[in-house]
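*Asks:* The structure that follows is given in the form of structure tokens.
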Amino acid sequence: MSTILRTLRNLRRIGFKDFGHQMQYIGDTKAGTLVGTDRYGNRYFENMEEELPLRTRWIDYKDKEFDASHIEPGWHAWISYMVEQPPGKDEILQTGIREWEPKEHRMTATMTRAAYRPYSTVKPKLSAWHPVARAR
């Protein structure tokens with residue numbers, strides 16, 4: 624949570640539109656430099672001067688219903704502090720789109736009807752008890 628002075632300073636830096644957007648989706652105001660944009664339209668920011676350690680990098684998601692699966696692997700490594708350089712500047716992460724990667728994003732199917740459900744081919748060790756009532 625920001626102090627009032629820091630919030631007003633960030634309001635002056637980013638403007639009213641981004642201020643309202645950040646308060647609605649992040650719950651805090653942050654001002655930083657745009658590091659890059661991925662193919663899904665997410666924008667990645669960094670501010671090394673004012674932020675607390677391990678809070679210097681953040682994402683502005685393109686979609687309102689964001690999910691962790693919206694982050695590409697290279698950007699995930701950068702946002703998690705696994706690498707110092709963003710994917711645009713790091714030679715190892717500049718592999719582009721591989722042929723086996725999906726061309727468009729697919730949402731994670733967890734908690735939906737399309738979620739993965741394993742099935743068992745083993746006979747159950749326990750069976751349900753079915754009571755039998757005698758005729759009186």
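Be aware that the sequence shown starts at 624, since it is given in the working numbering, and climbs by one per residue.
The beta carbon of each residue, even a glycine, is placed where N, CA and C say it ideally should be.
Predicted model only: the values in this text are computed from it and were never measured.
1) Given P747, which residues of its chain have a CB within under 7 Å of its CB, disregarding the five upstream and five downstream residues?
2) For T656, which residues of its own chain have a beta-carbon under 8 Å away from its beta-carbon, when the five flanking residues on both sides are left out?
3) Can you say whether A758 is buried or exposed, counting buried as having 16 or more other CB atoms within 10 angstroms of its CB?
4) Thinking just about the alpha-carbon of each residue, which of I694, P710, D690 and R662 is nearest to the one in T733?
5) I need the straight-line Cα distance from R666 to F642, nearest angstrom please.
6) Only counting the same chain, and skipping five residues up and downstream in sequence, which positions put a Cβ closer than 8 Å to that of E695?
7) What is the DSSP secondary structure of F642, reduced to helix, strand or coil?
8) Which stretch, first to last residue, makes up the alpha helix (DSSP H) that contains G697?
9) Return the Cβ separation of H693 and D686 in integer angstroms, given the expectation that the two are a contact with Cβ distance under 8 Å.
*Replies:* Based on what the coordinates show:
1) none
2) F668, E669 and N670
3) exposed
4) D690
5) 16 Å
6) D661, R662, Y663 and P710
7) helix
8) P696 to I702
9) 7 Å
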